[in-house]
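Report on the following structure.
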Amino acid sequence: MTDTTTSARKNSGTGLFGGDLDLAKILLEGRAFFALIAIVVTFSMLSPHYFSTNNFLIMSSHVAIYGLLAVGMLLVILTGGIDLSVGSTLGLCGVVAGALMQGMPFETFGFTAYPPVWVVVILTCAVGALIGAVNGVLIAFFKVPAFVATLGLLYVARGIALLMTNGLTYNNLGGREVLGNTGFAWLGFERLFGVPVGVLVLAAVAIVCSLILSRTAFGRWIYSTGGNARAAELSGVPIRSVTVSVYVISGICAAIAGLVLSSQLTSAGPTAGTTYELTAIAAVVIGGAALTGGRGNIRGTMLGAFVIGFLSDGLVIIGVSSYWQTVFTGAVIVFAVLLNSIQYSGRRKKPVGSGPP
1463 MTDTTTSARK
1473 NSGTGLFGGD
1483 LDLAKILLEG
1493 RAFFALIAIV
1503 VTFSMLSPHY
1513 FSTNNFLIMS
1523 SHVAIYGLLA
1533 VGMLLVILTG
1543 GIDLSVGSTL
1553 GLCGVVAGAL
1563 MQGMPFETFG
1573 FTAYPPVWVV
1583 VILTCAVGAL
1593 IGAVNGVLIA
1603 FFKVPAFVAT
1613 LGLLYVARGI
1623 ALLMTNGLTY
1633 NNLGGREVLG
1643 NTGFAWLGFE
1653 RLFGVPVGVL
1663 VLAAVAIVCS
1673 LILSRTAFGR
1683 WIYSTGGNAR
1693 AAELSGVPIR
1703 SVTVSVYVIS
1713 GICAAIAGLV
1723 LSSQLTSAGP
1733 TAGTTYELTA
1743 IAAVVIGGAA
1753 LTGGRGNIRG
1763 TMLGAFVIGF
1773 LSDGLVIIGV
1783 SSYWQTVFTG
1793 AVIVFAVLLN
1803 SIQYSGRRKK
1813 PVGSGPP
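Its first residue numbered 1463, the sequence shown is counted upward by one per residue in the working numbering.
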């Protein structure tokens, strides 16, 4: 009878730290949300300009860049990989878009073609997909460690961007009506229903990827690959195809981020996106994903991106030195990793095909 009573108490959730009402568990699993609330409240008290709809929309447009990179990074990390090339991919894709907006010279035929913006977008995303495919093939088929493969592509992509521009920046990417290539600034400056287009693009990408992870077999394969790749392969999961696919998606997300950033700045430079890969990884970790793979979701990653973005912009608004901004951001990342270790320590991974946690 004693055992039965004890078991009932454990499962009843009536205690402050027991069962479903475990306060510590709620705080731990919802840490990104609570951190975001704390950031908003703190900076609202420190600055009268922070808590306003317009400022939130401006900060959200900055977060869109980090968020797009983080969505692609999450899919890679869920498979147990890492993608260090996304920042350089963003920079290269921005440069490609800038070069296309400046015109494609055909010297043999004596004319220069100015592709419309939709062609620029498609070609730029194709470049991002190509970089992702190279990463995926190196990792899946040639067994190159993800850290090494993506680090190599980081340098290759950045080097190509520098070669294309000779270290200079493409300016004035608004296009001209007479050339038929106007509309590029639409991504960065226009608003629909009062919301920046970049934020809407992030929302669309996040929703699509969330549905993929939660409602499709491919999403279950991603979690299975990160949970136990060998067991997943024995269960019929196409590990190689999944690996290549997530790196391609990561490359496309980086390309979209490059388009949005270049549109916001109306310029494209070869050094754009430097260290952004670390920011993307930080957003994924703060959002509760496990770096070992198999655990994480889009909702947490989006919260992680907003935590980093709102924290960085808040520090700028109250006039904190950029050096201290780096210190604070690093401290947040270390603390997030520590909490992840506490959350996942001692837990057994889910069976293959069990889906998102």
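Virtual Cβ for every residue (Gly too), placed ideally from N, Cα, C. Keep in mind that this is a model prediction, so the values were computed, not measured.
Going by DSSP, what residue range makes up the alpha helix (DSSP H) through T1574? Here residue 1574 refers to the residue found at position 112 when the sequence shown is read from its first residue. T1574 -> not in any alpha helix (DSSP H); beta strand (DSSP E) instead, spanning F1573 to A1575.
Name the two residues that bound the continuous alpha helix (DSSP H) containing F1797. On the sequence shown, residue 1797 is found 335 positions in, with the first residue counted as 1. Run containing F1797: S1784 to Y1806, per the alpha helix (DSSP H) assignment.
Proximal residues to G1750 (C-beta, below 6 Å), its chain only, five neighbours per side dropped: In the sequence shown, the residue the question calls residue 1750 occupies position 288. If we look at G1750 and ignore the five residues flanking it on each side, its Cβ neighbours are G1762.
Pull up the CB-CB distance for L1537 and I1711, whole angstroms please, since I reckon it's below 8 Å. Counting from 1 along the sequence shown, the entry for residue 1537 is found at position 75. Counting from 1 along the sequence shown, the entry for residue 1711 is found at position 249. That belief holds up - the Cβ atoms of L1537 and I1711 are roughly 6 Å apart, short of 8 Å.
Count the CB pairs spanning the segment 1716 to 1733 and the segment 1628 to 1645 that are closer than 8 Å, and state whether there are at least three. yes
Along the alpha helix (DSSP H) that carries F1518, what are the first and last residues, could you check? Counting from 1 along the sequence shown, the entry for residue 1518 is found at position 56. That run of the alpha helix (DSSP H) goes T1515 to L1540.
Per the contact definition of three or more C-beta pairs closer than 8 Å, is the segment 1550 to 1562 in contact with the segment 1735 to 1748? yes
From the DSSP secondary-structure annotation, give me the bridge partner or partners of S1729. Your numbering for residue 1729 matches position 267 in the sequence shown. Bridge partners of S1729: N1633.
Cα-Cα separation, G1792 to L1592: Residue 1792 sits at position 330 when you count from the first residue of the sequence shown. Residue 1592 sits at position 130 when you count from the first residue of the sequence shown. Going from the Cα of G1792 to the Cα of L1592 covers about 32 Å.
Taking all protein chains shown into account, do 16 or more other C-beta atoms lie within 10 angstroms of the C-beta of T1612, making it buried, or fewer, making it exposed? To locate residue 1612, count along the sequence shown from 1; it is residue 150. So T1612 ends up on the buried side.
Pairs of beta-carbons, one from the segment 1639 to 1646 and one from the segment 1575 to 1586, closer than 8 Å: are there three or more? yes
Assuming S1724 and G1560 are in contact, meaning their beta carbons sit under 8 Å apart, how far apart are those beta carbons, in whole angstroms? Locating residue 1724 in the sequence shown gives position 262, counting from the first residue. Locating residue 1560 in the sequence shown gives position 98, counting from the first residue. Their Cβ separation, rounded to whole angstroms, is 6 Å, which keeps S1724 and G1560 in contact under 8 Å.
I'd like to know whether the C-beta atoms of V1722 and I1527 end up nearer to each other than 8 Å. If you number the sequence shown from 1, residue 1722 lands on position 260. If you number the sequence shown from 1, residue 1527 lands on position 65. Cβ atoms of V1722 and I1527: closer than 8 Å.
In angstroms with no decimal places, state the Cα-to-Cα distance between F1604 and F1505. By one-based count along the sequence shown, residue 1604 stands at place 142. By one-based count along the sequence shown, residue 1505 stands at place 43. For F1604 and F1505, the distance between alpha carbons rounds to 49 Å.
Would you check if there are 3 or more beta carbon pairs closer than 8 Å linking the segment 1608 to 1624 to the segment 1743 to 1757? no
Per DSSP, which one or two residues make a beta bridge with V1657? One-based indexing of the sequence shown puts residue 1657 at position 195. Bridge partners of V1657: L1654.
Can T1627 and A1717 be called in contact, C-beta distance under 8 Å? As a working mapping, residue 1627 is identified with position 165 in the sequence shown. As a working mapping, residue 1717 is identified with position 255 in the sequence shown. In this structure, A1717 does not lie closer than 8 Å to T1627 by Cβ.
Check whether the Cβ atoms of L1498 and V1657 sit closer than 8 Å, and answer yes or no. As a working note, residue 1498 is residue 36 in the sequence shown. As a working note, residue 1657 is residue 195 in the sequence shown. No, Cβ-Cβ distance for L1498 and V1657 is not below 8 Å.
Please list, in chain order, all residues of the same chain as G1542 whose beta carbon is under 6 Å from its beta carbon, the five residues on each side excluded. Sequence index remark: in the sequence shown, residue 1542 carries index 80 (1-based). If we look at G1542 and ignore the five residues flanking it on each side, its Cβ neighbours are G1688 and G1755.
Assign L1562 to buried or exposed, taking buried as 16 or more other Cβ atoms, counted over all protein chains shown, within 10 Å of its Cβ. Taking the sequence shown and counting its residues from 1, the one referred to as residue 1562 is at position 100. Answer is buried; the Cβ neighbour count reaches 16.
Rounded C-alpha distance that separates V1548 from L1600: Working through the sequence shown from its first residue, we reach residue 1548 at position 86. Working through the sequence shown from its first residue, we reach residue 1600 at position 138. Between V1548 and L1600, the C-alpha separation is close to 16 Å.
Collapsed DSSP secondary structure at F1768 in the structure displayed: For the purposes of this step, residue 1768 is identified with residue 306 of the sequence shown, where counting begins at 1. In this structure, F1768 counts as helix in the three-state DSSP scheme.
Is M1535 buried or exposed, if buried means 16 or more other CB atoms sit within 10 Å of its CB? As a first step, residue 1535 must be located in the sequence shown, where it is residue number 73. Buried: at least 16 other Cβ atoms inside 10 Å.
Within 10 angstroms of the Cβ of R1493, are there 16 or more other Cβ atoms? Answer buried if so, exposed if not. Along the sequence shown, one-based indexing puts residue 1493 at 31. Burial call: buried.
Opposing strand residues paired with F1568 [DSSP bridges]: Stepping through the sequence shown from its first residue, residue 1568 is reached at position 106. Answer by DSSP bridge pairing, in chain order: F1573.
What is the rounded straight-line gap between the Cα of I1779 and the Cα of Y1785? Taking the first residue of the sequence shown as position 1, residue 1779 is located at position 317. Taking the first residue of the sequence shown as position 1, residue 1785 is located at position 323. Rounded to the nearest angstrom, the two C-alpha atoms are 15 Å apart.
Straight-line Cα distance separating I1795 from S1514: Mapped onto the sequence shown, residue 1514 falls at position 52. Mapped onto the sequence shown, residue 1795 falls at position 333. Those two C-alpha atoms are separated by around 27 Å.
Coarse secondary structure for S1697, derived from DSSP in three states: Within the sequence shown, the letter at position 235 stands for residue 1697. Three-state DSSP puts S1697 in coil, outside helix and strand.
What residue from V1606, G1556 and N1759 has the CA that sits closest to G1681's CA? What you label residue 1681 is simply residue 219 of the sequence shown in a count that begins at 1. For the residues V1606, G1556 and N1759, the minimum Cα distance to G1681 belongs to N1759.
Give the secondary structure of D1484 by DSSP, where H, G and I count as helix, E and B as strand, and everything else as coil. For the purposes of this step, residue 1484 is taken as the residue at position 22 of the sequence shown. In the three-state reduction of the DSSP assignment, D1484 falls in the coil class.
Which of the three DSSP states is assigned to L1753 in this structure? Locating residue 1753 in the sequence shown gives position 291, counting from the first residue. Reduced to three states, the DSSP call for L1753 is coil.
My assumption, with CB atoms under 8 Å, is that G1594 sits in contact with I1714. Please give the rounded CB distance. Within the sequence shown, numbered from 1, the residue matching residue 1594 stands at position 132. Within the sequence shown, numbered from 1, the residue matching residue 1714 stands at position 252. Between I1714 and G1594 the Cβ distance is about 7 Å, and since that is below 8 Å, they are a contact.
To which residues of the same chain is P1607 closer than 8 Å at the C-beta, ignoring the five residues directly before and after it? In the sequence shown, counting from the first residue as 1, residue 1607 sits at position 145. Cβ neighbours of P1607 beyond the five flanking positions: I1601.
For Y1617, tell me which candidate among G1565, P1732, S1523 and A1532 has the shortest Cα-Cα distance. Numbered from its first residue, the sequence shown carries residue 1617 at position 155. Nearest option by C-alpha distance: P1732.
Alpha carbon to alpha carbon, how far is L1661 from P1510? Your numbering for residue 1661 matches position 199 in the sequence shown. Your numbering for residue 1510 matches position 48 in the sequence shown. Correcting the residue identity first, residue 1661 is Val in this sequence and not Leu. So the alpha carbons of these two residues sit roughly 24 Å apart.
Go ahead and label S1522 buried or exposed: buried means 16 or more other beta carbons lie within 10 angstroms of its beta carbon, across all protein chains shown. In the sequence shown, residue 1522 corresponds to position 60, counting from 1. Under this definition S1522 is a buried residue.
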